[in-house]
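Report on the following structure.
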Ligand SMILES: [Zn+2]
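Residue numbers (the working numbering): 17 to 181.
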């Protein structure tokens, strides 16, 4: 059964590839994923080039040799499907971002709600830089709550979320 992701169709075969990456992540304990491409003349999502580790944060349009690039899918080895602010910045720039969680065995996609607005792009990048970067330094509950509420605020305001699994 295919899943509607905004104006795109995610075929079951691609959803199964996403699940396979979750299982592989469980074994290898590193982030894995692939780029999300469209069919040459259509709105059907296909799986493009694969990525591992930090590569998954740098997927590029060139990883879709035949159709348009719309974003990336990556796994979270330890956390749930909720995005980091850096994930939101990438997904906002691209249009779509999908995340699979080993811990929750769930997959979700976020889709930018409307056209890319440069000012909003900057706002999200600033939040990633100022609130999230060096999040290893987030030690107090208060700091965590500031980060979480900034992340949730951006997600609610600028994206639609589609549950895949
Ligand atoms: Zn992520």
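Ideal Cβ placement from N, Cα and C applies to all residues, glycine included. For clarity, every value in this text was computed on a predicted model and none was experimentally measured.
**Prompt:** Beta carbon of residue 102, beta carbon of residue 166: below 7 Å?
**Reply:** Residue 166 sits away from residue 102, with the two beta carbons spaced by 7 Å or more.
**Request:** Determine, using beta carbons only, whether residue 56 and residue 82 come nearer to each other than 7 Å.
**Result:** yes
**Message:** Taking 6 Å as the cut-off, is the C-beta of residue 103 nearer than that to any heavy atom in ligand 1?
**Reply:** yes
**Request:** Measure the C-alpha to C-alpha separation of residue 71 and residue 157 and round it to an integer number of angstroms.
**Result:** Straight-line Cα distance between these residues: approximately 31 Å.
**Item:** Ordered list of alpha helix (DSSP H) runs contained in the region 75-145, each at least 4 residues
**Value:** Here the runs fully enclosed are 101-110, 134-143.
**Prompt:** Looking only at its own chain, which residues have a Cβ that is under 6 Å from the Cβ of residue 24, when we skip the five neighbours before and after it?
**Reply:** Closer than 6 Å at Cβ, skipping near neighbours: 59, 61.
**Asked** For residue 63, which three-state DSSP category applies?
**Response** strand
**Coil, strand or helix - residue 176 by DSSP** = strand
**Message:** So if DSSP puts residue 51 in a beta bridge, which residue, or which two residues, is it bridged to?
**Reply:** 88
**Request:** Put residue 31 into one of helix, strand or coil per three-state DSSP.
**Result:** helix
**Request:** Please confirm whether any heavy atom of ligand 2 lies closer than 6 Å to the CB of residue 165.
**Result:** This structure does not include ligand 2; its bound ligands are ligand 1.
**Prompt:** What residue does the beta strand (DSSP E) around residue 20 start on, and which one ends it?
**Reply:** 19-21
**Request:** Report buried or exposed for residue 169, applying the criterion of at least 16 other Cβ atoms within 10 angstroms of its Cβ.
**Result:** exposed
**Asked** Measuring from the CB of residue 100, is there a heavy atom of ligand 1 at a distance below 6 Å?
**Response** yes
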